[in-house]
Amino acid sequence: MNFKFQPIQERPQKFNLSSWQKKILKTTLIVGSVCIIFLALLITGLLIQGQTKFDISKINLEITGPETTESSAQITYKIKYSNNSAITITNLKLVLDYPENFTAFVQKNIFEKDFLNPSEKHEIEIQGRLLGNENSKHQIKATLYYKPENFKSQFKKQADFTTLINSSSILLLWQGPNKVSEKQKIDLELSYLNKQESIFGDFQIQIILPKDFELEKSNPKPDKQESEKLIYFIGALEKDDLEKLQIQGIINQESKFRAELGVIKNNELDIYAQKEHNTSLVQIQANISQTINSQENYIANPGETLNYVLTYENPDDLLIPSANVICALTGQAFDLNSVQVKNGNFNLSTQEIAWDNIQIAPQKKASVKFSVKLKDQMPIQDFNDKNFSATTLATLETENFNTSNELEVKINSQVDLQAKAYYNEQSVDIQNSGPIPPRVGQATTYTIHWQITNGANALENVVVKAGLPANTRYTNKNHLSSGRIFYNQLSNELIWTIDNLSAHTGKLAPLEEAVFQIELIPAKERVGKFSLVLDSSFLSTQDAFTKNTLNDSQGYLDTISVSKYDSSVDADDGIIVE
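Going by the numbering used here, the first residue of the sequence shown is number 1147, and it counts up by one from there.
Now the structure itself:
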């Protein structure tokens, strides 16, 4: 019997929920989900909290030090760090970033420590010197790197501290007038001093000059000079070593001089100290002038006495209650022992004459006087001793300002001409002949020597000339050290010319000499008398330094005067015979 079974397919039972049942189910699902999420977050937070019981704010880093200090003074920084957390911190590394101009006594800026337990602290002390300009701020920075125990991450803590330099141990001081008149020469002095311990380094001073300042000289000379800037390399700054720089020039407008002291860093001057000096122009309220021997421009000769008159004037309507007149004498040409002064005082060591406490009435002028002699011979030691001058600087000092007047007296060279006559010539190859004593109608020849010596200035266009007496003639025989000689028939003169004659000729250098021959045929009326050989000689030249024309002369030469220069003949040998 065959049975076939058919699977019974049951229809799914369908539940029909009411609307309120659906609301309850939906609410239950939402609340359950929120609870699950909250529980997960709670568990995660507890796990994290359990793992990271470390508070970064509990790690402290602090820098202490002076809030203000003097430049280059010794200072101390203290860097303190502490662990106020509940966890040991490890692999500590403290890195210090010093101010640029701070020099630590121990050249170290990284400090390491293996660990720092909870409630422990550590301190590092740094000593050194801080350099800088007045009112400059300098910051030290510290960074502490560390790892909490059982942590892989590195943490860091930072701190900084600022010190103000309120004064400088390096002092700069300007000395000079604050008020001057236009075009007045001004003298300024810059002093610098280090009050602290010696500071080693390549220090330099830069003086920034005002625009249009006409620099005349600097002592010492700058090591380098740029446009409107003088640079002096001064090296190390020794303790309490006072040094000075001096500059002189002419001021044309209100001016500011600035001095900066420092070292070069990155091609710029790192300034440790600076100082300014302001000079203002004022209307001339008083003035002073000088004359020498009643002249404002005077050229003097060696050995001459110079009579000075210093005239000061107050063109204002106000009284100048107290003023000083000071006259400084400079140059080697003055004979200082010859100074004569009235109502004043001469200080030989400073070479200054002073008249003190002078009252100058409104719109009045007055004067003071003194005299001084020039040396008879200029002090010549070598060829560099030339072109001498004597300079006086007259200064009128008042409470508000100074005014001055400088007067230079150039000194002429000392040129000397000598004329000599010989019968027996020994110095050059010119042979004389004829009877001695000279005879009427017979020719006797003589050699004439013109000799020139010169002082401290070069000479230009030297001319020596002399006329030929009756019964004489030039034989055209000569010997010259330089220049040329010729006979001028129109004037009946012998003329010797030299274009240029150096200083010290005949003293440090050989003299200049012209030797030439003159022939004499005595006239009968000269029997029993002397006869002229050469008329008076005259020298004329221009001083290349003073531009003055200089002259010298020598008297005539005759047959008797030959015996003064030529020992081989007597005075009687100059009397003409038949």
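We put the beta carbon where it would ideally sit given N, CA and C, even for glycine.
Report the option in the options whose CA atom is closest to the CA atom of residue i.
i: Ser1637; options: Ser1648, Thr1643, Trp1596 and Ala1612; result: Ala1612
i: Asp1243; options: Thr1236, Lys1254 and Asp1575; result: Lys1254
i: Pro1467; options: Ser1627, Asn1558 and Glu1545; result: Glu1545
i: Val1241; options: Phe1248, Arg1275 and Tyr1292; result: Tyr1292
i: Glu1384; options: Asn1470, Leu1647, Lys1370 and Phe1349; result: Phe1349
i: Ile1499; options: Ala1540, Gly1449 and Ser1535; result: Ala1540
i: Tyr1569; options: Ala1405, Arg1275, Glu1665 and Asp1462; result: Glu1665
i: Thr1695; options: Ile1445, Asn1263 and Lys1521; result: Ile1445
i: Ala1507; options: Asn1483, Leu1520 and Glu1459; result: Glu1459
i: Ile1345; options: Ser1313, Glu1406, Asn1470 and Tyr1418; result: Tyr1418
i: Ser1484; options: Tyr1711, Asn1453 and Gln1441; result: Asn1453
i: Gly1322; options: Lys1370, Leu1391, Lys1519 and Pro1368; result: Leu1391
i: Lys1357; options: Val1326, Ser1373 and Ser1579; result: Ser1373
i: Asn1697; options: Ser1440, Leu1339, Ser1683 and Gly1408; result: Ser1683
i: Asp1416; options: Asn1646, Leu1407 and Leu1290; result: Leu1407
Any idea if residue i is buried or exposed, counting beta-carbon neighbours within 10 angstroms, 16 or more meaning buried?
i: Arg1630; result: exposed
i: Asn1365; result: exposed
i: Ala1288; result: buried
i: Glu1658; result: buried
i: Ser1315; result: buried
i: Ile1557; result: buried
i: Gly1601; result: buried
i: Phe1480; result: buried
i: Ile1202; result: exposed
i: Gly1278; result: buried
i: Phe1251; result: exposed
Using the Cα positions of residue i and residue j, report the straight-line distance between them to the nearest angstrom.
i: Val1428; j: Asn1443; result: 27 Å
i: Val1608; j: Ile1598; result: 10 Å
i: Ile1272; j: Asn1247; result: 15 Å
i: Tyr1592; j: Asp1716; result: 15 Å
i: Phe1359; j: Leu1553; result: 21 Å
i: Leu1680; j: Pro1615; result: 6 Å
i: Asn1622; j: Gln1635; result: 13 Å
i: Ser1686; j: Pro1448; result: 18 Å
i: Trp1501; j: Ala1512; result: 12 Å
i: Arg1672; j: Ile1722; result: 6 Å
i: Ser1713; j: Ile1594; result: 15 Å
i: Phe1534; j: Asp1387; result: 37 Å
i: Asp1718; j: Leu1456; result: 60 Å
i: Asp1462; j: Asn1433; result: 11 Å
i: Asp1689; j: Gln1588; result: 44 Å
i: Lys1329; j: Ser1550; result: 11 Å
i: Lys1532; j: Val1574; result: 32 Å
i: Ser1495; j: Gln1577; result: 60 Å
i: Leu1376; j: Asp1369; result: 8 Å
i: Gly1720; j: Gly1580; result: 13 Å
i: Thr1537; j: Gln1420; result: 35 Å
Are the C-beta atoms of residue i and some chain B residue less than 8 Å apart?
i: Ile1353; result: No chain B appears in this structure, which consists of one protein chain only.
So for residue i, helix, strand or coil by DSSP?
i: Met1147; result: At Met1147 the pLDDT is 42, less than 50, meaning the model places this residue with poor confidence; the figure from the coordinates comes in the next sentence. It is coil, neither helix nor strand.
i: Ile1706; result: coil
i: Gln1197; result: Reliability of the predicted coordinates at Gln1197 is poor, the pLDDT of 45 falling under 50, and no value is obtained from them.
i: Asp1718; result: helix
i: Glu1384; result: coil
i: Ile1202; result: helix
i: Ile1582; result: coil
i: Tyr1244; result: coil
i: Ile1410; result: strand
i: Tyr1227; result: strand
i: Ile1233; result: coil
i: Glu1724; result: coil
i: Lys1670; result: helix
i: Tyr1338; result: strand
i: Ile1182; result: helix
i: Tyr1711; result: helix
i: Ile1526; result: coil
Report yes or no: do the segment 1555–1569 and the segment 1482–1502 share at least 3 C-beta pairs separated by less than 8 Å? no
Counting pairs of Cβ atoms below 8 Å between the segment 1701–1721 and the segment 1675–1688, do you hit three or more? yes
Tell me, please, whether the segment 1264–1281 touches the segment 1294–1302 by the rule of three or more beta-carbon pairs shorter than 8 Å. no
With three or more C-beta pairs closer than 8 Å as the rule, is the segment 1276–1284 touching the segment 1232–1241? no
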